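Undergrad:
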Amino acid sequence: MSAKIRPDNLRNDHLEIRNMVMVRGTKPVTHAIELSIAPGAITALMGANGAGKTSTVLGIAGVVEPAFGEIWLDGVDLVGMDADEIRRRGVATVPEGHQVLRELTVRDNLLVAGGGLGRAELNASIERTLELFPELKERLQHAAGDLSGGQQQMVALAQALIVTPRFLVIDELSFGLAPTIVARLVPVIRRIAASGIGVLLIEQFTQLALALANHVYVMSRGRVSYDGEPGKLRDDPKILHLAYFPVSDREAVGL
Ligand SMILES: Nc1ncnc2c1ncn2[C@@H]1O[C@H](COP(=O)(O)OP(=O)(O)OP(=O)(O)O)[C@@H](O)[C@H]1O
Ligand SMILES: [Mg+2]
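Each residue of the sequence shown is one higher than the one before, starting from -17 at the first, in the working numbering.
(1) When DSSP labels each residue in this structure, what does Arg(-12) get in the three-state scheme?
(2) For a test of your reading of the model: does the CB of Glu154 fall under 7 Å from any non-hydrogen atom of ligand 2? Yes or no.
(3) Taking the continuous alpha helix (DSSP H) assigned at Arg216, which residues delimit it?
(4) With burial defined as no fewer than 16 other Cβ atoms inside 10 Å of the residue's Cβ, what is the status of Pro147: buried or exposed?
(5) Consult DSSP for Ala65 and reduce its assignment to one of helix, strand or coil.
(6) How many angstroms separate the CA atom of Val39 from the CA atom of Thr75?
(7) State the Cα-Cα distance for the pair Asp64 and Arg70, rounded to the nearest angstrom.
(8) Looking at Glu185 and ligand 2, is the gap between the Cβ and the nearest heavy atom below 7 Å?
(9) Is it the case that the CB of Thr188 approaches a heavy atom of ligand 2 more closely than 7 Å?
(10) Whole angstroms are fine: how far does the CA of Gly41 sit from the CA of Gly51?
(11) Does the beta-carbon distance from Gly132 to Arg166 come in below 8 Å?
(12) Ile174 by DSSP, collapsed to three states: which one?
(13) In whole angstroms, give me the CA-to-CA distance for Ala126 and Arg(-12).
(14) Within a Cβ cutoff of 7 Å, which residues of the same chain sit near Pro48, ignoring the five residues on either side of it in sequence?
(15) Go ahead and label Gly72 buried or exposed: buried means 16 or more other beta carbons lie within 10 angstroms of its beta carbon, across all protein chains shown.
(16) My output table needs one value for Met28: the three-state DSSP class, helix, strand or coil.
(17) Is DSSP giving Asp209 helix, strand or coil here?
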């Protein structure tokens, strides 16, 4: 674990990412990423394909160790911890593509996800989580692989919620899902944030992300190109459009 000097401007109850550089293969794909994720709110992370969103998620989740930078929570730097430890400390991730254990039943998917909990705590947590997803309650004995894409995404979300995280990172909430299913998930995400969990939402549908988010970051070619409120991007599509351009190009045209 790194013994880094704690910056002064950290909020202990926030998940604070500082100077994060992710390397994929041999090339750096994010450059000095700085994100501040508030509890009880939805923070959207947007950007074009290949901008570095998933690489950032993998860094936060401890799946790929950042080459540089820190991820602070409660004054502790999570960089260098493995994915299980990061999850135990309260940062749960829903990876891209609603990944579930297809051969296992929905119930067993939830039991596996809550493996570290005691029996009573696990049962209570499953009950609480299923309140968000009544559809899953009816399908607890079904193989997860037999469910629709939307229901599988619900299982993936439920798995992440079983450990009662403080922060939930969702990579591509609506990926491959029909608009009606996405509409079904929107109030769920709002409820999760209202319960106090800080949500980092990666979402390709910009209008959906802007409608849900309290705060927005846009990434362009591995750099944060917008850091601010969603209203500005909703009101002025030109600003949104510009944020998707690489920072160097924007500077070149005087923005
Ligand atoms: N396993 C890998 N090995 C090498 N390069 C990779 C790997 N995964 C991603 N990259 C590269 O890293 C850069 C950032 O990709 P990343 O997947 O983080 O972007 P993204 O914003 O999530 O894109 P998308 O919207 O398509 O999901 C891209 O240039 C991509 O080609
Ligand atoms: Mg991605």
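Where is the CB? At the ideal position from N, CA and C, for every residue including glycine. Source: prediction; values computed, not measured.
TA: Taking the definition as stated:
(1) Arg(-12): coil per DSSP, three-state reduction.
(2) Under cutoff, so the answer is yes.
(3) It spans 212 to 217 - the alpha helix (DSSP H) in which Arg216 sits, taken as one unbroken run.
(4) For Pro147, the number of other beta carbons within 10 angstroms of its own is at least 16, and it is reported as buried.
(5) The answer is helix: DSSP assigns Ala65 an H, G or I state.
(6) As the crow flies, the alpha-carbon of Val39 is around 8 Å from that of Thr75.
(7) Each residue's Cα considered, the two are about 10 Å apart.
(8) Incorrect: Glu185 has no Cβ contact closer than 7 Å to ligand 2.
(9) No, the Cβ of Thr188 stays beyond 7 Å of every heavy atom of ligand 2.
(10) Those two C-alpha atoms are separated by around 10 Å.
(11) Result yes, Cβ atoms of Gly132 and Arg166 sit closer than 8 Å.
(12) Three-state result, Ile174: helix.
(13) Ala126 and Arg(-12): Cα-Cα distance of roughly 43 Å.
(14) For Pro48, same chain residues with a beta-carbon under 7 Å away, outside a window of 5 residues either side, are Met2, Val3, Met4, Gly41, Val61 in chain order.
(15) Buried, because 16 or more other Cβ atoms sit within 10 Å of the Cβ of Gly72.
(16) Met28: strand per DSSP, three-state reduction.
(17) Asp209: strand per DSSP, three-state reduction.
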